[in-house]
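Everything in the sequence shown is counted per numbering that gives the first Met the number 0, starting at 0 for the first residue and increasing by one.
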Amino acid sequence: MEWSGPGTSREREREIPPRDDLAAFLSFLDDVASRNATEYTDTLIAILQEDRRDIVREAIIGTLKNLRDPSMPEKVVALFCSPDLALRNAAVTILASQWQAPLDALTQSLKSPNKHIRKLALDALYALGNPILVDIIASVLEDEDVNNVIAAVEYIAGLGGRKYAGQILEVLQKARDPFLIATCLEALGKLGDPRAAKAVQELFPDPAELPEFLLPSYLRFVAGCGSREDLARVCHLAARWGQVFYKEILDALSALLARNGALDPSEQEMVGDCLRGLLKTPIPSPNKYEILLLLAQVDQEGVVCEARMFLQSNDPLLRIAALEVIAEAGIIGCLGDVERLLATEVDEDVRQCAQDTLERLGGAG
Numbered sequence: 000m001e002w003s004g005p006g007t008s009r010e011r012e013r014e015i016p017p018r019d020d021l022a023a024f025l026s027f028l029d030d031v032a033s034r035n036a037t038e039y040t041d042t043l044i045a046i047l048q049e050d051r052r053d054i055v056r057e058a059i060i061g062t063l064k065n066l067r068d069p070s071m072p073e074k075v076v077a078l079f080c081s082p083d084l085a086l087r088n089a090a091v092t093i094l095a096s097q098w099q100a101p102l103d104a105l106t107q108s109l110k111s112p113n114k115h116i117r118k119l120a121l122d123a124l125y126a127l128g129n130p131i132l133v134d135i136i137a138s139v140l141e142d143e144d145v146n147n148v149i150a151a152v153e154y155i156a157g158l159g160g161r162k163y164a165g166q167i168l169e170v171l172q173k174a175r176d177p178f179l180i181a182t183c184l185e186a187l188g189k190l191g192d193p194r195a196a197k198a199v200q201e202l203f204p205d206p207a208e209l210p211e212f213l214l215p216s217y218l219r220f221v222a223g224c225g226s227r228e229d230l231a232r233v234c235h236l237a238a239r240w241g242q243v244f245y246k247e248i249l250d251a252l253s254a255l256l257a258r259n260g261a262l263d264p265s266e267q268e269m270v271g272d273c274l275r276g277l278l279k280t281p282i283p284s285p286n287k288y289e290i291l292l293l294l295a296q297v298d299q300e301g302v303v304c305e306a307r308m309f310l311q312s313n314d315p316l317l318r319i320a321a322l323e324v325i326a327e328a329g330i331i332g333c334l335g336d337v338e339r340l341l342a343t344e345v346d347e348d349v350r351q352c353a354q355d356t357l358e359r360l361g362g363a364g
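Structural data, given as structure tokens:
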């Protein structure tokens, strides 16, 4: 059976090529999209449900995404009820291309008694990418299904809905589901509301007692909006988990140092010891590079030892890290070390960095 447009006239039937002539049918779809021929909306949705070939479905989805038919959203939303996962996902994709046109249909779908339909509507709203939709998405924070609440929290953060940080914090304070706790922590970190720092400290006074899988989310929260008091907590976590969560720990320390300015001597010693401990672990060279640069921020005098050690490294990236620290900190005492390195260095990137360092230090170059 070949589908026809509204009216089912034989004239219309002849305008739609048979789908076994794939090239002709795909060309027809291109023409429909280019002319915004919305009279074919119902026909294409029907074919989408009947024809299970990926190439046909993808082509129809592409055409429907380009049509501007005010009646389409309500028709496409009906696919949320399909037992076919591909069709449900197709509905989200199509609706996400329609900007504000599907808002009424999607808002109504958020009220469906079916939690899966509510989730699909939520996905489609977020996929629209319009920040004004955060107010609609925020209504799902009170959804009875925890997976929908998790998605709403994530999507609010993705759309920058900072005004809902307080509500997300309330969700976190009541949360028992570990995935919801993790999502709330990461969302609050992304939203960067400093008021959350104290509340999270009260909720988790000893983050070392958190389950292992929650630690990355906690550290991302600290990186986003942690306070000075979190320096000690992060350093404490690094002592046990530095080899596992080194990236999140370094991101948190870097963010805390950037936000809190100069450290007092005890804080400098604490963070310096933490960073030196991480340097002794077998973590990747790019992260050791980052550690050395952070160490120079908190202990400019003491970092000379590590810089000289890194100049002897077999890893060119670490030699470059040492040179950058020496140049940035203006460590004149390392001038001879850099000159000796340059005399034997074969890596062109390291040689260029060494020459630049010598120029900044006022050496021979």
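Note that CB positions come from ideal geometry on N, CA and C, so glycine has one too. The structure displayed is predicted, hence computed values, not measured ones.
Thinking just about the alpha-carbon of each residue, which of the options is nearest to the one in residue i?
i           : options            : result
residue 177 : 271, 215, 166      : 215
residue 137 : 128, 126, 27, 156  : 156
residue 236 : 270, 182, 305      : 270
residue 223 : 347, 329, 43, 256  : 256
residue 282 : 317, 230, 17, 147  : 317
residue 372 : 232, 245, 226, 251 : No answer is possible for residue 372: the residues shown for the chain start at 0 and end at 364.
residue 254 : 220, 329, 265      : 220
residue 83  : 50, 101, 54        : 50
residue 200 : 336, 265, 185, 225 : 225
residue 341 : 326, 76, 328, 357  : 357
residue 350 : 173, 337, 360      : 337
residue 32  : 150, 333, 326, 61  : 61
residue 279 : 259, 132, 315, 309 : 309
residue 294 : 229, 275, 183      : 275
I need the boundaries of the alpha helix (DSSP H) containing residue i, first residue and last residue.
i           : result
residue 74  : 71–76
residue 203 : Unbroken run through residue 203: none, as it is neither H nor E.
residue 265 : 264–278
residue 185 : 177–190
residue 35  : It is not in any alpha helix (DSSP H) - residue 35 carries neither H nor E in the DSSP assignment.
residue 130 : That residue, residue 130, is in no alpha helix (DSSP H); it is neither H nor E in DSSP.
residue 354 : 347–360
residue 20  : That residue, residue 20, is in no alpha helix (DSSP H); it is neither H nor E in DSSP.
residue 223 : 214–224
residue 284 : 284–297
residue 305 : 302–310
residue 14  : 9–14
Starting from the C-beta of residue i, find all residues in its chain whose C-beta is less than 7 Å away, skip the five residues before and the five after it, and write them out in chain order.
i           : result
residue 111 : 117
residue 181 : 213, 216
residue 234 : 269, 270, 273
residue 130 : 158, 159
Among residues of its own chain, excluding the 5 on either side of residue i, which ones have a beta-carbon nearer than 6 Å to its beta-carbon?
i           : result
residue 352 : 319, 322
residue 190 : 156, 161, 164
residue 29  : none
residue 194 : none
Which of the three DSSP states is assigned to residue i in this structure?
i           : result
residue 57  : helix
residue 112 : coil
residue 122 : helix
residue 236 : helix
residue 336 : helix
residue 158 : coil
residue 141 : helix
residue 50  : coil
residue 324 : helix
residue 67  : coil
residue 243 : coil
residue 81  : coil
residue 174 : coil
residue 209 : coil
residue 318 : helix
Just to check my reading of the structure: residue i and residue j have Cβ atoms closer than 8 Å, yes? What is that Cβ distance to the nearest angstrom?
i           : j           : result
residue 64  : residue 93  : 6 Å
residue 383 : residue 139 : Lying outside 0 to 364, the shown extent of the chain, residue 383 is not represented and no answer is given.
residue 72  : residue 104 : 4 Å
Ordered along the chain, which non-local residues of its own chain (more than five positions away) have a Cβ less than 8 Å from that of residue i?
i           : result
residue 86  : 47, 48, 78
residue 347 : none
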